[in-house]
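In our numbering, each residue carries its 1-based index in the sequence shown increased by 7.
C-beta atoms are modelled at their ideal positions from N, C-alpha and C, and glycine is treated no differently.
Note sheet for the following structure.
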Amino acid sequence: MRRLLTVATLLTAGALTLSACGDGPSAGTGDDGKNGAGADAGNASAAKIRISSKDGATHASINDTGVKVTGGKLTDVKLTEADSGKDVAGAISPDGASWKPGAQLERGTKYKIVANAKDSKGRSATENTTFTTVSSANSFIGSYTPDDGKTVGVGMPVSFNFDKAITNKKDVQSHIKVTSSSGQQVVGHWFGTQRLDFRPEDYWKAGSKITMKIDLDGVKGGQGITGVQSKTVSFTIGRSQVSTVDMNTQTMTVKRDGKTYKSIPISGGSPEHPTYNGQMVISEKLEKTRMDGSTVGFDKRNSYDIKDVPHAMRLSSSGTFLHGNYWGSPSIFGNSGTSHGCVGLRDSKGGGGDTPGKWFYNESLVGDVVVVKNSDERTIKPDNGLNGWNLSWSDWKAGSAT
Numbered sequence: 008m009r010r011l012l013t014v015a016t017l018l019t020a021g022a023l024t025l026s027a028c029g030d031g032p033s034a035g036t037g038d039d040g041k042n043g044a045g046a047d048a049g050n051a052s053a054a055k056i057r058i059s060s061k062d063g064a065t066h067a068s069i070n071d072t073g074v075k076v077t078g079g080k081l082t083d084v085k086l087t088e089a090d091s092g093k094d095v096a097g098a099i100s101p102d103g104a105s106w107k108p109g110a111q112l113e114r115g116t117k118y119k120i121v122a123n124a125k126d127s128k129g130r131s132a133t134e135n136t137t138f139t140t141v142s143s144a145n146s147f148i149g150s151y152t153p154d155d156g157k158t159v160g161v162g163m164p165v166s167f168n169f170d171k172a173i174t175n176k177k178d179v180q181s182h183i184k185v186t187s188s189s190g191q192q193v194v195g196h197w198f199g200t201q202r203l204d205f206r207p208e209d210y211w212k213a214g215s216k217i218t219m220k221i222d223l224d225g226v227k228g229g230q231g232i233t234g235v236q237s238k239t240v241s242f243t244i245g246r247s248q249v250s251t252v253d254m255n256t257q258t259m260t261v262k263r264d265g266k267t268y269k270s271i272p273i274s275g276g277s278p279e280h281p282t283y284n285g286q287m288v289i290s291e292k293l294e295k296t297r298m299d300g301s302t303v304g305f306d307k308r309n310s311y312d313i314k315d316v317p318h319a320m321r322l323s324s325s326g327t328f329l330h331g332n333y334w335g336s337p338s339i340f341g342n343s344g345t346s347h348g349c350v351g352l353r354d355s356k357g358g359g360g361d362t363p364g365k366w367f368y369n370e371s372l373v374g375d376v377v378v379v380k381n382s383d384e385r386t387i388k389p390d391n392g393l394n395g396w397n398l399s400w401s402d403w404k405a406g407s408a409t
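Given below as structure tokens:
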């Protein structure tokens, strides 16, 4: 999964809010900066400043912090990290009525805001608050795939991985809406307490646009944890490409938009280490990677360590790849399974030249489907990678909390 949604990064992803924020003091002050005692009521500024986080708040929003003014215009606003004194950039709106920070705030951090405004007669008003944002321990976030703006294959599900166990599954799921321009019904399915995937009954329609609205701001995920994400993400489905690997013939047939595009000789898993059957989705593409069998449970007798495997495309979390193979004899492709469970295509060391491995890598998108059949191995589990298509539609819907 790409891009862990930390508050400052992947959530690149996300406007983040929290329910604990509220109205701060709203009364404007006089020219001397004092409110009430000693001020001449006739000279009081008509500008009324409101800061979204209350003074002294300890569970303030990490993204909804802002300043508004009525009866005047903001002249300057300064937001700083209270402990370090570091300034947080922000901008006053063109009409002078509001201010927002330019970046998401950090969780569990103490901040100070000082806001100044003037009314139509030039009389000044000032407000300031000090508050602490919600801590990591009291909030939850989710990393998700695919990212905003991506073009992916027809098999790509929307997949969330939450950083804490979710017990209030119904409310959390109901605040994530996934829709398709094709009109396909999209349903969520929970794998345990920390993963929630969304998919339609059949593969996405080629060319459709998928929109994901994340509205977890203030949603209780369980005892003592509240959501902080609020964002709309969209991605596009590319052309349809579904490739079928037949272990009986050691051949992969690539279909593009329903028509046979190319047939490629492959070398799948050996009799001792057969390849999983089932529908698998390309979840990651790597031009070159190291493959070390000891990291996926092979002992020294059966292990391997190849430091420069070319054109690797991940099909499972447990280490199944479709990749280039330069070390095997050319005679194995289309004839015999020799791998430890991966699907190999003829390739060259370094990945250069005109090879089947390079061709397929260049022609593939993350989210394309690879179907393996006639293997002696069992069907891959639906949560081993992005492979929920191996559940029937009725079983998929049975895992929904809404």
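Got a sec, what are the start and stop residues for the beta strand (DSSP E) residue i sits in?
| i | result |
| --- | --- |
| Asn-332 | 328-332 |
| Asp-312 | 312-321 |
| Asn-123 | 117-125 |
| Gly-364 | No beta strand (DSSP E) contains Gly-364, which is instead part of the alpha helix (DSSP H) from 363-370. |
| Asn-70 | No beta strand (DSSP E) holds Asn-70; DSSP gives it neither H nor E. |
| Asn-135 | 131-139 |
| Phe-340 | Premise fails: Phe-340 is in no beta strand (DSSP E) and is neither H nor E. |
| Met-287 | 285-288 |
| Gly-234 | 232-234 |
| Gly-351 | 350-353 |
| Pro-207 | 202-207 |
| Thr-55 | For the sequence presented, residue 55 should be read as Lys rather than Thr. From DSSP, the beta strand (DSSP E) with Lys-55 extends over 55-58. |
If you check the beta carbons only, do residue i and residue j fall under 9 Å apart?
| i | j | result |
| --- | --- | --- |
| Ala-132 | Gly-79 | yes |
| Val-159 | Val-249 | no |
| Leu-203 | Ile-173 | yes |
| Gly-358 | Gly-335 | no |
| Asp-94 | Asp-224 | no |
| Thr-218 | Ser-187 | yes |
| Ala-89 | Lys-61 | no |
| Asp-67 | Asp-126 | Checking the sequence shown, residue 67 turns out to be Ala, not Asp. No, these two residues do not count as a Cβ contact at 9 Å. |
| Leu-398 | Ser-290 | no |
| Val-74 | Ser-52 | no |
| Val-235 | Phe-138 | no |
| Ile-3 | Gly-374 | Only positions 8 to 409 of the chain appear in the structure, and residue 3 is not among them; the question remains open. |
| Ser-346 | Ser-277 | yes |
| Thr-77 | Arg-57 | yes |
| Gly-326 | Gly-344 | no |
| Ser-150 | Phe-167 | yes |
| Ser-371 | Met-320 | yes |
| Lys-171 | Gln-201 | yes |
For residue i, report the span of its alpha helix (DSSP H) as first-last.
| i | result |
| --- | --- |
| Ser-150 | First-last for Ser-150: 149-152, but that is the beta strand (DSSP E), not the alpha helix (DSSP H). |
| Glu-294 | No alpha helix (DSSP H) holds Glu-294; the beta strand (DSSP E) holding it covers 291-299. |
| Gly-225 | From DSSP, Gly-225 is part of no alpha helix (DSSP H); its letter is neither H nor E. |
| Glu-384 | Looking at the DSSP string, Glu-384 is not in any alpha helix (DSSP H), and its letter there is neither H nor E. |
| Asp-402 | 400-405 |
Which whole-angstrom value describes the C-beta separation of residue i and residue j, a residue pair presumed to lie in contact below a C-beta threshold of 8 Å?
| i | j | result |
| --- | --- | --- |
| Lys-119 | Asn-135 | 7 Å |
| Ile-271 | Pro-363 | 5 Å |
| Trp-403 | His-182 | That belief does not hold up - the Cβ atoms of Trp-403 and His-182 are roughly 20 Å apart, past 8 Å. |
| Lys-295 | Asp-315 | 6 Å |
| Val-377 | Gly-275 | So it is not a contact: roughly 11 Å between Cβ atoms. |
| Lys-157 | Ser-189 | Lys-157 to Ser-189, Cβ: 17 Å. No contact. |
| Asp-383 | Pro-281 | 5 Å |
| Phe-367 | Arg-353 | So it is not a contact: roughly 10 Å between Cβ atoms. |
| Pro-207 | Gln-191 | 4 Å |
| Val-379 | Val-252 | 5 Å |
| Pro-164 | Phe-242 | With 8 Å as the limit, Pro-164 and Phe-242 do not qualify as a contact, their Cβ atoms being about 11 Å apart. |
| Met-254 | Asn-381 | 5 Å |
| Tyr-333 | Lys-356 | 4 Å |
Residue i: beta carbon under 8 Å from a heavy atom of the ligand SAM?
| i | result |
| --- | --- |
| Pro-207 | Among the components modelled here there is no ligand, and therefore nothing to report on the ligand SAM. |
With a threshold of 9 Å between beta carbons, is residue i in contact with chain B?
| i | result |
| --- | --- |
| Phe-147 | The chain labelled as chain B is not found in the depicted structure, where only one protein chain is given. |
Can we say the region 378-398 touches the region 274-288, given the rule of at least three CB pairs closer than 8 Å? yes
Along the chain, which unbroken stretches of the beta strand (DSSP E) at least 3 residues long are found entirely within the region 84-114? 97-99 and 105-108
May I have a chain-ordered list of the alpha helix (DSSP H) segments no shorter than 4 residues that lie completely inside the region 165-193? 176-181
With a floor of 3 residues, list each beta strand (DSSP E) that falls wholly inside the region 245-277, ordered by position along the chain. 248-253, 258-263 and 266-272
Does the region 101-114 come within contact of the region 171-178, defined as at least 3 CB pairs closer than 8 Å? no
Are the region 119-128 and the region 67-83 in contact at 8 Å, needing three or more beta carbon pairs? yes
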